[in-house]
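Working notes, structure below.
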């Protein structure tokens, strides 16, 4: 029997991408500034002040300036994205209000208010309003209509 030795590459990934992880209504790990505010036994809000990964269910989420959130859970009401922040929605949200940040939707959002900043839609969005820049990826769905221009991977300005 021959043994095959393969070289192992170390890519220098010593630090995790997100130091703060918030898991629903039960736990936080690695968080020093991000805050979960319980409203009742069943509801909570999240204030993001550092790069954060959020799973579970939240009522309202606020991204303070110059921070980042990856949402893989659900927001029942509103996510507010302040200036120079980045939100990536891989889960679901009722409403996203972009006030000058970068919003990327890969999951589902019912309504987006693109007041300023840049909003990129690669998933499904029910309705988009506002004067901000909105880009839609080939294959994404907005207001029940699939984007068919171009080829997979292409981005277009929302009409």
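Residue numbers (my numbering): 370 to 528.
The C-beta atom is built at its ideal place from N, Cα and C for all residues, glycine as well.
- Between residue 449 and residue 423, the gap from beta carbon to beta carbon reaches 9 angstroms or more.
- In this structure, DSSP gives residue 502 an extended state, which the three-state scheme calls strand.
- Of the residues 430, 484, 496, the one whose Cα lies closest to the Cα of residue 477 is 496.
- Contiguous beta strand (DSSP E) elements confined to the region 392 to 437 occur at 396 to 398, 404 to 407, 413 to 417, 421 to 424, 426 to 432, taking only those with 3 or more residues.
- According to the DSSP secondary-structure assignment, residue 485 is paired through a beta bridge with 468.
- Looking only at 459, 407, 416, 468, the smallest Cα-Cα distance to residue 389 is reached by 416.
- For residue 456, the enclosing beta strand (DSSP E) begins and ends at 455 to 458.
- The beta carbon of residue 400 sits closer than 6 angstroms to the beta carbons of 389 from its chain, once the five residues preceding and following it are set aside; these are given in chain order.
- Selection 461, 474, 435 evaluated against residue 427 yields 461 as nearest (Cα-Cα).
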